[in-house]
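Position one of the sequence shown corresponds to residue 32 (my numbering), numbered consecutively onward. Down below is the structure, laid out as structure tokens.
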Amino acid sequence: MAHIVIIGAGVGGMPAAYELRAKLAAEHRITVINSVDYFQFVPSNPWLAVGWRQRKGISFPIAAYLKRRDIDFIPQRVDRIEPVANTLTLADGSAVSYDFLVITTGPKLAFDEVPGAGPATGNSQSICTVDHAEKAWEAYQEFLENPGPIVIGAMPLASCFGPAYEFAFILSTDLRRRRIRSRVPITFVTSEPYIGHLGLGGVGDSKSLLESEFRNNDIKWITNAKTTKLEAGKLFATELDRNGQPFKEHEVPFRFSMMLPAFRGVDAVAAVEGLCNPRGFVLVDENQRSRKYRNIYSAGVCIAIPPVEATPVPTGAPKTGYMIETMVTAIVQNIAADIAGVQATAKGTWNAICLADMGDTGAAFVALPQIPPRNVNWFRKSRWVHWVKVGFEKYFIYKMKRGNSEPLYEKFMLRALGIKRLDA
């Protein structure tokens with residue numbers, strides 16, 4: 032009998048648990064450990080931050096749902112990983128032993144790398160967690176009583192730019208619906224070298240399309256922006272030229288701001304010798320296995336993926352939902368192979384497929400593979416994308432409650448986009 036422990040119960044960890052349960056014989060134990068006792072559908076956070084969703088609609092307690100699938104659950108933080116002894120130490124001091132470890136923790140949010148940034152200071156909001164999105168909604172309601180300038184964007188070393196673009200368009204749409212958009216200048220401040228870079232070197236015509244949409248929505252922008260600090264009501268950023276030299280200093284006033292942070296690996300994972308790169312992201316091979324510890328696998332935002340290209344202000348590469356889904360499936364197949372005593376050969380994909388909501392319309396992009404040159408490379412705007420994303424939200428949460436182990440992206444999103452094959 033093998034004991035498989037999964038750290039993290041997000042969009043990677045929960046599907047991993049269900050797929051493992053469906054793949055492995057009942058004699059094998061599966062345990063999920065998570066620092067909170069609920070699942071949260073992170074892609075819905077931009078909607079929550081403007082009051083278009085409520086917390087109860089995009090998160091739910093997970094213990095009962097996992098139990099129905101004969102999966103154990105421990106709602107605690109992991110404080111230490113001891114890979115030689117194959118044990119974890121939890122926040123209460125208790126120990127958990129494992130035969131295989133799957134790390135799907137997501138990132139640590141590095142607000143501390145920019146002085147004054149983050150919800151804890153109150154100078155900028157975040158949509159990275161459901162707690163942050165709720166706090167952003169509270170701040171937004173206060174803002175609506177006395178509207179003024181807004182700043183949205185991403186700070187140096189950020190890697191997940193899509194939510195910042197989504198939030199900018201969603202916020203603009205919400206302000207129009209409230210008939211106060213004319214009183215609210217919006218500035219998008221990003222570490223990307225140009226609008227639509229997205230950490231991917233651009234996808235199709237993303238640069239011109241997103242610039243056009245910013246103009247249509249009266250959103251100004253500053254690119255190559257190295258945010259240096261935030262104070263109450265003011266963001267400071269140094270704009271760099273293409274050679275990485277300071278070009279212009281900016282002081283951008285605001286009454287509401289949402290700036291996405293850089294990511295690091297969570298403390299317990301980053302502290303394991305030989306497991307991670309200097310930023311604390313897990314180093315894995317093509318089979319999602321740790322390069323040093325052969326019974327440790329990892330998937331999602333917490334793994335190390337090199338940037339697509341060097342940029343004047345450092346940017347990271349995103350890990351999109353389809354990528355994470357394929358990583359998880361590869362891990363499940365490889366653990367099953369390990370248990371059976373055969374060679375593990377399954378691989379995840381570096382194909383990027385994403386739906387981005389824009390308030391009352393949306394954009395979809397496909398980059399196959401993620402790193403150029405690509406076999407498929409397009410970016411399109413359409414009203415139906417908004418409704419596809421709404422449908423995907425409901426479908427994914429339904430799957431997490433039902434314990435369904437089938438891949439969602441290939442069944443739902445690829446069909447919606449009219450994509451039949453992903454063999455790039």
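All C-beta atoms, glycine included, are put in the ideal place defined by N, C-alpha and C.
With 16 other CB atoms within 10 Å as the buried threshold, where does T380 fall? For the purposes of this step, residue 380 is taken as residue 349 along the sequence shown, with counting starting at 1. Per the 10 Å Cβ criterion, buried.
How would you label A40, buried or exposed, when you count the other beta carbons within 10 angstroms and need 16 or more for buried? On the sequence shown, position 9 is the one that residue 40 refers to. Taking all protein chains shown into account, A40 has 16 or more neighbouring C-beta atoms within 10 Å of its C-beta and is therefore buried.
C-beta contact flag for L79 and I64 at 8 Å: Counted from its first residue, the sequence shown places residue 79 at position 48. Counted from its first residue, the sequence shown places residue 64 at position 33. Between L79 and I64, the C-beta gap is not smaller than 8 Å, which leaves the two residues out of contact.
The alpha helix (DSSP H) with H163 in it runs from where to where? Residue 163 sits at position 132 when you count from the first residue of the sequence shown. Element bounds for H163: V161 to E176.
Distance between beta carbons of T269 and M186, contact taken as under 8 Å: Taking the sequence shown and counting its residues from 1, the one referred to as residue 186 is at position 155. Taking the sequence shown and counting its residues from 1, the one referred to as residue 269 is at position 238. Contact flag wrong, Cβ pair sits at about 12 Å.
Can you pull the DSSP bridge partners for S321? As a position in the sequence shown, residue 321 is number 290, starting the count at 1. S321 is bridged by DSSP to V315.
Report all residues from its chain with a CB closer than 8 Å to the CB of K265; omit the five preceding and five following residues, and keep chain order. Stepping through the sequence shown from its first residue, residue 265 is reached at position 234. Contacts found: E282, V283, P284 and F285.
Rounded straight-line distance, which links the Cα of V300 to that of N76: Within the sequence shown, residue 76 is the residue found at index 45, counting from 1. Within the sequence shown, residue 300 is the residue found at index 269, counting from 1. Their Cα atoms are separated by approximately 25 Å.
Do you know how far the Cα of N435 is from the Cα of P277? Translated into positions along the sequence shown, residue 277 becomes position 246. Translated into positions along the sequence shown, residue 435 becomes position 404. Computed Cα separation, rounded: 51 Å.
Starting from the Cα of P106, find the closest Cα among S125, E113 and V363 and give me that residue. The residue given as residue 106 occupies position 75 in the sequence shown. Distance check between P106 and each of S125, E113 and V363 places S125 closest, using alpha-carbon atoms only.
Neighbourhood of R212 by C-beta distance below 8 Å, restricted to the same chain and skipping five residues each side: For the purposes of this step, residue 212 is identified with residue 181 of the sequence shown, where counting begins at 1. So the list reads S203, L206 and D249, once near-sequence residues are dropped.
Simplified DSSP state of F294, which is helix, strand or coil: By one-based count along the sequence shown, residue 294 stands at place 263. It is a strand residue.
Below 8 Å on the Cβ atoms is my contact criterion, and I expect I355 with Y328 to pass it. Report the Cβ-Cβ distance as a whole number of Å. Translated into positions along the sequence shown, residue 355 becomes position 324. Translated into positions along the sequence shown, residue 328 becomes position 297. Rounded, the Cβ-Cβ distance is 13 Å, inconsistent with contact.
Residue nearest to G352 in terms of C-alpha spacing, selected from M32, F427 and V344: As a working mapping, residue 352 is identified with position 321 in the sequence shown. Of the residues M32, F427 and V344, the one whose Cα lies closest to the Cα of G352 is F427.
If you scan the stretch 390–423 from start to end, which runs of the beta strand (DSSP E) of 3 or more residues do you find wholly inside it? Those beta strand (DSSP E) runs which fall completely within the stretch 390–423 and span 3+ residues are 393–399 and 407–413.
Verify whether the separation of the beta carbon atoms of Y324 and P114 is less than 8 Å. In the sequence shown, the residue the question calls residue 324 occupies position 293. In the sequence shown, the residue the question calls residue 114 occupies position 83. In contact: Y324 and P114 (Cβ atoms closer than 8 Å).
Given this structure, state the Cα-to-Cα distance separating V220 from I253, to the nearest angstrom. As a working note, residue 220 is residue 189 in the sequence shown. As a working note, residue 253 is residue 222 in the sequence shown. Cα to Cα, V220 sits roughly 5 Å from I253.
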